[in-house]
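Here the sequence shown is numbered in the numbering used here, starting from 192 and rising by one per residue. As structure tokens, the structure follows; a few thoughts come after it.
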Amino acid sequence: MSLPNSPDLNPIEHIWDVMGRQLRVQRPPIRNISDLHDHCLNIWHNLSPAFTKDLRHPCQGGLKLCCTP
């Protein structure tokens with residue numbers, strides 16, 4: 192039996208999405224790997240407590256999204 196594998200149920204996917212969106216709008220643009228590293232750390236350290244709290248229970252909202260016809 193294979194288990195369901197949905198990004199909606201995986202908390203890290205939500206973090207990658209937030210980080211990716213913030214990196215795409217970064218001004219000035221990221222020029223090298225060092226800039227990318229610094230910006231990723233900055234985004235990571237500035238994730239709001241409310242956002243990370245919601246990630247502790249991903250199935251509450253994600254399961255509804257996956258199972259609703």
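Note that beta-carbon positions come from the ideal geometry of N, C-alpha and C, so glycine has one too.
Item to complete: May I ask you to report which of helix, strand or coil DSSP gives Arg-222?
Response: coil
Fill in: Minimum C-alpha distance to Asp-161 - residue among Ile-234, Ala-241 and Asp-229
This structure cannot speak to residue 161, because the chain is shown only from 192 to 260.
Fill in: Minimum C-alpha distance to Leu-214 - residue among Pro-240, Ile-206, Ser-225 and Cys-231
Cys-231
Fill in: Among Leu-227, Pro-219 and Arg-222, nearest to Met-210 - alpha-carbon criterion
Leu-227
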